[in-house]
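All letters in the sequence shown, in the order written, are residues 197 to 419 by our numbering. Where is the CB? At the ideal position from N, CA and C, for every residue including glycine. These notes concern the structure reproduced below.
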Amino acid sequence: MTEVSFARTFLSALDSKPAKISADHVEDPRSYPSRPPYILPRQQKPFNPPTASPPSSIPGSEPSLTVTLKSLRNPPLDLRLASQPPTASVLDIKHAVAQRTGLPLDKMRLLVRKKPVADSKILRDLLGGPEERGVEFTVMVLGGAATLAAATGAGGAADKPAGEEEVAAGGEDKHVAVGLSGTDVLRTDEFWTDLGGFLQQRIRDEKAAGEVVGVFRGAWERR
């Protein structure tokens, strides 16, 4: 039988069948061809019994970590938090820094290896390797020294006794600037690094943040 004759026979056989199956079509299972059940062959080698899983580590048995916090700009910070559990979150570290320095939580940003980290991260996830026993954070304070001065001033006003003399209305309030200020800050690399970290946390794109910082810095230097 040639291919052409086979195709014609096949098409004529299809023409005798309905083009579509009706919605209420039911196939009789008894018309199915009978097939013997397939039996799996017997296993030549018996299965190994399941091994007992090692007991999970007891909470508190993991070695504690040392957390170091530094700030390259104003306000200068150099804190060391010892004996921190690996399950401590970044938010817990922020609370510890706020208790020691008085900085508000909403003005504080923590960076690891120049990248901002979320408050939900835990210290175990931030370790560079299994042998490391510490995490180093870079602290970025929005507002710089002014934020720390405002926090210190608010704390000092709360601790002031009731009988202490108040500053007269209309009197001058003088603050001593700490470190660089004004346009001198814009000439430091630390300022642009902090700005890049802030933009990266806001727009969540490292490349775009670097381009924006480059545009800002180039425009400032060409002014």
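By the CB criterion at 9 angstroms, residue 336 and residue 296 fall outside the cutoff. Looking at the backbone, the Cα of residue 242 and that of residue 231 are separated by about 30 angstroms. In the three-state reduction of the DSSP assignment, residue 201 falls in the helix class, which pools H, G and I. DSSP, reduced to helix, strand and coil, places residue 274 within a strand of the structure shown. Listed as beta-bridge partners of residue 318 by DSSP are 285. Under DSSP, residue 382 takes part in no beta bridge, so it has no partner. DSSP places residue 337 within a strand segment (E or B) once states are collapsed to three. Boundaries for residue 241: no alpha helix (DSSP H) harbours it, and the DSSP string shows neither H nor E there. Bridge pairing for residue 267: 273 [DSSP]. Comparing C-alpha distances from residue 406 to each of 390, 418 and 419 shows the shortest one belongs to 390. When DSSP states are grouped into helix, strand and coil, residue 212 belongs to the coil group. Within a 10 Å sphere around the beta-carbon of residue 222 sit fewer than 16 other beta-carbons, which makes this residue exposed. Nearest in C-alpha terms to residue 382, of all of 275, 419 and 204, is 419. Under the 10 Å beta carbon count, residue 284 is surrounded by 16 or more other beta carbons and is classified as buried. Pairing residue 392 with residue 281, the inter-Cα distance amounts to about 30 angstroms. DSSP places residue 305 inside the beta strand (DSSP E), whose first and last residues are 304-308. By the Cβ-count criterion, residue 290 is buried, with 16 or more other Cβ atoms from all chains shown falling within 10 Å of its own Cβ.
The DSSP-derived three-state label of residue 262 is strand.
The beta-bridge partner set that DSSP reports for residue 408 is empty.
Burial is judged here by how many other beta carbons sit within 10 angstroms of a residue's own beta carbon; residue 240 has fewer than 16 and is exposed.
When beta bridges are read from the DSSP output, residue 331 appears opposite 263.
One alpha carbon belongs to residue 246, the other to residue 330, and they sit about 38 angstroms apart.
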